[in-house]
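Numbering follows the UniProt record's numbering, in which position 237 of the sequence shown is assigned residue number 237; successive positions increment by one, without gaps.
Where a beta carbon is used, it is the ideal one built from N, C-alpha and C, also for glycine.
None of the values given here were measured: they were computed from a predicted structure.
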Amino acid sequence: MNMIAVPTIQETISKIFMNESEVLGQYEGLENFFEVETQLIYEIHHLEKERAKKTLRILIDMISLRAGKNTIREVRNYYIILSSVMARKLYEMRVPPKKAFAFNAACVEMVDNRMNDSEFLYVADELIEFFVSIISERKQPSFGHQTVNKVVMYINDEVERDLSVEDIAKHFHISTSHLSRIFREHAGITLVEYLNVRRVEESQYYLRHSDKGISDISKQFHFCNQSYFTRIFKKYTSVTPKQFRDSEHIPYFRYTLPNAK
């Protein structure tokens, strides 16, 4: 009895590749896809959020040109690919590997579990918001004191730890009074204020993209209780955590250090 030869995985991929190469030639403009994607990554890296949103829409249009009725599925797949590309960029920017991996996992989970067919464009904007916020954390601050620059980066990397001024001072082998003084002098706000600002910024993503209770998110970011979390959150965002969670139209709060160059 003759055995039917089963194509290998490599042979199957090669056949699909050849077919796609022929089919894609029928669609004008798709040859520019990676050039446009490069532009998107540049815009995210340079924190050009609104431009990046428009560029991602162009890429979505290009994907839909080929995908047709499978557009939602293909766009979903591309969001996951793009998240992996951005995770690699973060790693290249010396983000701790654990955080880069968590970034990718969070994006994939959001796309897999929370994206429905009617909101794929909304998810595109949310991904850009998230990408830009994480990249902005990695921009090396340019204060006139190197210890202050290092403290800002340290807080950005460890924002979910229960950090105190004493802990940070100990990490950098300086006194709490000296640390508090130089941070206020160069950054324009107190170290305690900056810790709260970063916790509020990070908590927004859990409020909008997780099912965690507000009390649990408060504990995750080491606020002493939910009431205090609500008060600090409203101080900087002008809304309560519940109001932010209930309205997807409320923009993310991003803080710019007063003395940042």
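| Item | Value |
| --- | --- |
| Whole-angstrom C-beta distance between residue 104 and residue 83, which should lie under 8 Å | 5 Å |
| Option in 50, 244 and 39 with minimal Cα separation from residue 202 | 244 |
| Rounded separation between residue 239 and residue 255 - CA only | 15 Å |
| Beta strand (DSSP E) runs contained entirely in the segment 24 to 96, provided each spans 3 or more residues | none |
| Any non-hydrogen atom of the ligand FMN within 7 Å of residue 114 CB | Among the components of this structure there are no ligands whatsoever, and the ligand FMN is therefore not found. |
| DSSP three-state assignment for residue 225, whether helix, strand or coil | coil |
| Close Cβ partners of residue 95 (< 7 Å) along its chain, the five nearest in sequence each way excluded | 138 |
| Secondary structure of residue 205, DSSP reduced to three states | helix |
| Residue 154 versus residue 70 - alpha carbon distance | 44 Å |
| Burial state of residue 217 (16 or more Cβ within 10 Å) | buried |
| Sufficient close CB pairs (3 or more, under 8 Å) joining the segment 146 to 160 to the segment 168 to 183 | yes |
| C-beta neighbour in chain C for residue 17, strict 8 Å | Reference to chain C is not applicable here, since this structure consists of a single protein chain. |
| Cβ-based burial, residue 7 [other Cβ within 10 Å; buried from 16] | exposed |
| Candidates 128, 108, 73 and 12: closest to residue 37 by CA position | 128 |
| Member of 125, 157, 130 and 178 whose CA lies at the smallest distance from the CA of residue 147 | 178 |
| Cut-off 6 Å between Cβ atoms - residues of its own chain near residue 233, not counting five sequence neighbours on either side | 200 and 241 |
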